[in-house]
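Enquirer: My questions all concern the structure below.
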Amino acid sequence: DVYKRQPTYRAGAATDPAPAVLIEDFGDLDLVLADSVRTVLYVNTATKNNHVVRFDEPLHVQLHHGDSDKPPSSGKTMRLYDAHFVAGRAARERLERIGVAADRVYEVGRPITDSLPLAAGDTSTILYAPTWEGAHADSNLSSLATMGDGIVRAMAATGRDFVFRPHPLTGTADAAAGAGRRRIADLVRSLGGVVDDGAETLVAALGRAGLLICDVSSVLVDWYAADRPALVTDVAGIGADALRLRYPTTNGAGVVAPSLQGLESQIEDSLRSDPMRRARSEVAAATLGGVGSAQPRFEDALAAVSRLR
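Throughout, our numbering is defined as the position within the sequence shown, counted from one, plus 14.
Laid out in structure tokens, this is it:
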């Protein structure tokens, strides 16, 4: 597990002037978390964070992997942290519902969307970016295994350019998901599409697309910053109304049924008339907390949280 993370460590150490340490054993945390460490920032909700949260002296701040309705982002384990940096009102309310005190939640926007490089003019490129299978059954909201082939064929049938960008963790929890990823990648290439295996950042990929097809995940919320149409999959087949009630971030997107019936028409209608424009604007305001000002808000929140102790 450690060796999988070494490329990420090396990449981060090469681009960030701050000192970097790779911890290969949990016992080494006692050496690294010296008394001078005042604050620890967490970039995801991994269970292994618990090995650090157990240290009483530092403040533990959850930055969140993204704004998402997925169970890992809305479970009661979020109470572990001293503070949370979230994008906007929707995440604040999500945390308050599980008992996180309001004064421990800081709205900072989404820094990743501050520099979203939108392609000039209108674009009709379709981006299919399914999420991964998740570490647990309740977080498996991926359409790749059950709907991926049909989505790819529908994109190809429109005659428009299309791109398949699987989540980088696809296949790490389920070998069958990894096999499905490779099968669909082969299908995309055979139909004249492009497979994006992460050679560029997600933000760059979003910037060139005119329509996003995705699953319930933070990718959908980040996409709202582009103010372009999206379609989200109803993997469990619970229906559009139930999906939007269970996952409020989907209220700004059209819903793709498991049958995929009429998907080609959905794609064309979304690109031509954008029927979800008004709803998307409302959801974006609640989830993103404003676009273009996240970095200074993040710095202000970091200064504020440092005064909690």
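Where is the CB? At the ideal position from N, CA and C, for every residue including glycine. A quick note: this is a predicted structure, and the numbers were derived from the prediction, not measured.
With DSSP as the reference, identify every bridge partner of residue 141, one or two as the case may be.
Expert: In DSSP, residue 141 forms a bridge with 177 and 226.
Enquirer: Pick helix, strand or coil for residue 73, following the three-state DSSP scheme.
Expert: Strand, per DSSP.
Enquirer: Does DSSP put residue 98 in a helix, in a strand, or in coil?
Expert: Looking at residue 98 - three-state DSSP - the assignment turns out to be strand.
Enquirer: Going by beta carbon distance, what residues of the same chain come within less than 6 Å of residue 27, once the five residues before and after it are set aside?
Expert: Around residue 27: 34.
Enquirer: Name the DSSP beta bridge partners of residue 168, please?
Expert: Paired residues: none, contrary to the question.
Enquirer: Here's a check: name, in chain order, each residue in its chain whose Cβ is nearer than 7 Å to the Cβ of residue 307, leaving out the five neighbours to either side.
Expert: Hits under 7 Å: 123.
Enquirer: Under 8 Å by Cβ, that's how I've got residue 224 and residue 285 pegged, so tell me the actual separation to the nearest angstrom.
Expert: 6 Å between Cβ atoms; contact.
Enquirer: Measure the alpha-carbon distance for residue 150 versus residue 175 and round it to whole angstroms.
Expert: Answer to the nearest angstrom: the Cα atoms are 34 Å apart.
Enquirer: Classify residue 22: buried if its beta carbon has 16 or more other beta carbons within 10 angstroms, exposed otherwise.
Expert: Exposed: under 16 other Cβ atoms inside 10 Å.
Enquirer: Output the boundary residues of the alpha helix (DSSP H) element that contains residue 221.
Expert: Start and end: 216-221.
Enquirer: Would you say the segment 287-303 touches the segment 256-266, given that touching needs at least three Cβ pairs under 8 Å?
Expert: Yes: the two stretches touch, three or more of their Cβ pairs being nearer than 8 Å.
Enquirer: Where residue 271 and residue 68 are concerned, what is the direct C-alpha to C-alpha distance, given to the nearest angstrom?
Expert: Spanning the two alpha carbons is a distance of roughly 43 Å.
Enquirer: Report yes or no: do the segment 221-241 and the segment 117-131 share at least 3 C-beta pairs separated by less than 8 Å?
Expert: With a cut-off of 8 Å, the segment 117-131 and the segment 221-241 count as touching, because enough Cβ pairs lie within range.
Enquirer: Taking the alpha-carbon positions, what's the residue 199 to residue 182 distance?
Expert: Distance between the alpha carbons of residue 199 and residue 182 is about 13 Å.
Enquirer: Looking at the structure shown, is residue 51 part of a helix, part of a strand, or coil, going by DSSP?
Expert: Here residue 51 sits in coil by DSSP.
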